[in-house]
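Using the working numbering, the first residue of the sequence shown is number 33, and each one after it goes up by one.
Positions of the beta carbon are idealized from the N, C-alpha and C atoms, including for glycine.
Predicted, not measured: the structure shown is a model, and the values here were computed from it.
A quick write-up on the structure given underneath.
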Amino acid sequence: MKKVIINADDFGYSKSINKGILEAIREGIVTSTSVMVYGKAVDDVAKLVDISDISIGLHVHMEKTIQNPQEEFDKQIEILTRLLGRAPDHIDVHKPRSSDMKQLMPLLKQYSEEHHTPIRELGHVKSIKDFFGIDVKNENEVDPERVSVDNLLQILENLKEEVSEIMTHVGYSDDELRSISSYSDTRELELQTLTDKRVIEYFDKQPNIQLINWRDISV
């Protein structure tokens with residue numbers, strides 16, 4: 033049996049992103065999201081709390097100028113725990129740079145061991161990053177075909193019989209988002225794909241694949 037988590041990164045970054053993620057949860061196949069606690073629209077987390085069949089995690093964001101990674105990591109955990117009323121279900125890292133990860137990995141490992149929390153960067157499930165509108169292997173060129181229905185269905189077909197996570201970046205694009213993010217208009221294409229009838233029917237008709245979330249993962 034293939035089991036797959038569909039995670040939407042960047043909740044809280046902007047109102048338009050939040051709107052898209054909520055729509056992808058309610059009308060599409062998104063089963064999980066991760067929150068940027070310093071985002072302009074992080075208070076919308078309250079809209080997630082009452083949705084019972086999703087996992088809500090921390091999207092760790094470390095600026096280059098951070099002097100004390102442990103203190104900053106603990107602070108972000110504390111903020112999200114306060115917003116949720118409970119600890120995050122999982123953790124992943126926003127734009128992980130190798131220099132950041134050297135400092136972060138020990139913190140992530142320690143937290144995971146102490147709290148039994150699954151973490152993307154620790155490889156607790158197979159991470160699939162092919163559903164992303166920027167081709168990082170080709171000078172970061174925008175490639176809408178990477179977030180098409182056909183490409184997503186091919187990704188799903190190619191999954192092995194294990195637990196996987198497909199990383200997504202859905203949202204609505206507006207002037208505010210374009211002013212703070214280079215990845216804006218393509219988010220709407222991701223949203224269209226993740227709520228497309230053909231994708232939803234794929235899961236209804238395929239007996240060998242199951243949508244799950246991070247709360248189904250034991251570590």
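Boundaries of the beta strand (DSSP E) in which residue i is found, first to last residue
{"i": "residue 124", "result": "123–125"}
{"i": "residue 103", "result": "Taken as a continuous stretch (DSSP letters only), residue 103 belongs to no beta strand (DSSP E), being part of the alpha helix (DSSP H) at 101–116."}
{"i": "residue 92", "result": "87–92"}
{"i": "residue 222", "result": "Per DSSP, residue 222 belongs to no beta strand (DSSP E); it is in the alpha helix (DSSP H), 217–226."}
{"i": "residue 197", "result": "195–200"}
{"i": "residue 64", "result": "64–67"}
Residue environment, residue i, which counts as buried when at least 16 other CB atoms sit within 10 Å
{"i": "residue 100", "result": "exposed"}
{"i": "residue 138", "result": "exposed"}
{"i": "residue 143", "result": "buried"}
Contact check, residue i vs residue j, beta carbons under 8 Å
{"i": "residue 77", "j": "residue 68", "result": "no"}
{"i": "residue 180", "j": "residue 227", "result": "no"}
{"i": "residue 235", "j": "residue 200", "result": "no"}
{"i": "residue 158", "j": "residue 196", "result": "yes"}
{"i": "residue 251", "j": "residue 126", "result": "no"}
{"i": "residue 167", "j": "residue 173", "result": "yes"}
{"i": "residue 81", "j": "residue 117", "result": "yes"}
Range covered by the alpha helix (DSSP H) that runs through residue i
{"i": "residue 43", "result": "Per DSSP, residue 43 belongs to no alpha helix (DSSP H); it is in the beta strand (DSSP E), 34–43."}
{"i": "residue 231", "result": "229–237"}
Uninterrupted alpha helix (DSSP H) stretches inside the segment 131–187 (no shorter than 4 residues):
Secondary structure within the segment 131–187: not one fully enclosed alpha helix (DSSP H) run of 4 or more consecutive residues is present.
Note to self: Is it the case that the segment 208–218 contacts the segment 191–198, given that we only count it when at least three CB pairs across the two stretches are under 8 Å?
What the structure shows: Output reads no: the segment 208–218 does not touch the segment 191–198.
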